[in-house]
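The structure appears right after this line, and notes come after that.
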Amino acid sequence: MKTTKNYAGISNEFAQQETAKIVLIPVPYDGTSTWGKGADKGPEAFLEASENMELYDIETQSEVYRQGVYLAEAITEKGSPETVVNNVHQTTKKYIGRNKFVTLIGGEHSISIGSIRAFNEHFENLTVLQIDAHADLRKTYGGTPYNHACALHEASKTTNLVQVGIRSMDAIEKTYMDTEKVFFAHEMVADEFWMDKVVEACTENVFITFDLDALDPSIMPSTGTPEPGGLLWYETLELLKMVFDEKNVVGFDIVELCPNSHDRSSDFLAAKLYYKMLSYKFREDAIDDEYVSGFAPKENNLTKNKFEDED
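Going by our numbering, 88 is the number at position 87 of the sequence shown; the sequence numbering is gapless.
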């Protein structure tokens, strides 16, 4: 994968691993997608769009890149889906252990299995906030549990999973779903308090996995499986701002950008979304403040559901 030297073309002063508070890990992987291919080209398109983005955020009146953003070496593993997930897990874990705010750009959604594992090993009572059109709760698909259609199955067993924007799923996925913590798109339209309910459903530590097909195809056409009836820009930002303000967001990933050479607007939206999320995270932090993630490595049995009483 060809990448720019620094994220968004920022100067070396703000791009050093030793001093940057933020790490960005590109994962150009598209090994299990079943319809629109091209998510492996997403990170490169995202980085190119980021280079052409103005870096002053009007809303937060900040330049978050000055907190330091280190562009890590891309994970270019092309082996089995399980090998890719393990590589993402270990790489994410490494940077969390260095007290960085770790972010990832995909790539298809299966990469999130690895990133969620790493965060769940480091943060107590973790909520995974999934913003997505699809439930992604199948136990196995295409002969592997590491398929993009299975991206949140493990998280449903090992974390407090909150799902937002869901409007496409298989019947079998309902057997794995906590419907009290699922916000279906058709119900959100009629509920003016749905954002408050999402925040209330989250524990203190939150990891966000943002599948770009959560957004309506009118503003985000370049995904592998676009679904009508999605979120729009400002309501998405309003939700994210609430979550960042009221919870400790410990990291996030953005997945499923499938670039289209005839329409670059989706690439730019993904770049802008990433930068807005960083701006919300660090809006109250001075440049010289030390970043403290609050992680505490812990013993974690990934097969145990921490949010159900044992028999």
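Every residue gets a Cβ at the ideal spot worked out from N, C-alpha and C, and that includes glycine.
Who are residue i's beta bridge partners in DSSP?
i	result
G144	In the DSSP output, where bridge partners are listed per residue, G144 has none listed.
Q131	Q164 and T210
S169	H135
D264	N261
F185	I167
N249	N206
D58	S63
D254	L105 and T210
L232	L216
I need the boundaries of the beta strand (DSSP E) containing residue i, first residue and last residue.
i	result
Y71	V70 to L72
N366	Past the edges of the chain, shown from 2 to 312, lies residue 366, and the structure says nothing about it.
I1	For residue 1 there is no data in the structure shown, the boundaries of the chain being 2 and 312.
T104	F102 to G107
Taking a contact to mean a Cβ-Cβ separation below 9 Å, would you say residue i touches residue j in this structure?
i	j	result
V250	V200	no
D297	G231	Note on residue identity: the sequence assigns Ala, not Asp, to residue 297. It is not a contact, given that the beta carbons lie outside the stated cut-off.
V89	D133	no
L258	T237	no
W234	I220	yes
P27	L48	yes
G32	K79	yes
K198	F211	no
E109	H135	no
S169	T226	yes
P222	K42	no
E52	A9	yes
I114	Y142	no
I112	Y30	yes
L138	M178	yes
A202	K182	yes
Please classify residue i as buried or exposed, where buried requires at least 16 neighbouring CB atoms within 10 angstroms.
i	result
D312	A caution first: D312 carries a pLDDT of 31, below 50, which makes its placement in the model too unreliable to give a value.
D171	exposed
I173	exposed
V65	buried
T288	Checking the sequence, you will find Ile at residue 288 rather than Thr. With fewer than 16 other Cβ atoms within 10 Å, it is exposed.
S157	buried
P229	exposed
T180	exposed
S63	buried
I59	exposed
H263	exposed
A16	buried
I68	Per the sequence presented here, residue 68 reads as Gln, with Ile not at that position. It counts as buried.
A50	buried
K282	buried
E14	exposed
G252	buried
T93	buried
S81	exposed
E239	exposed
V293	exposed
Could you spell out where the alpha helix (DSSP H) holding residue i opens and where it closes?
i	result
F47	G43 to E52
K95	P82 to I97
K158	H154 to T159
Touch check for the segment 272–285 and the segment 119–128: three-plus C-beta pairs under 8 Å?
no
With a cut-off of 8 Å, do at least 3 Cβ pairs link the segment 200–211 to the segment 128–144?
yes
Okay, do the segment 21–31 and the segment 97–110 touch, 3+ Cβ pairs below 8 Å being the bar?
yes
Three or more beta-carbon pairs under 8 Å between the segment 108–119 and the segment 81–88, yes or no?
yes
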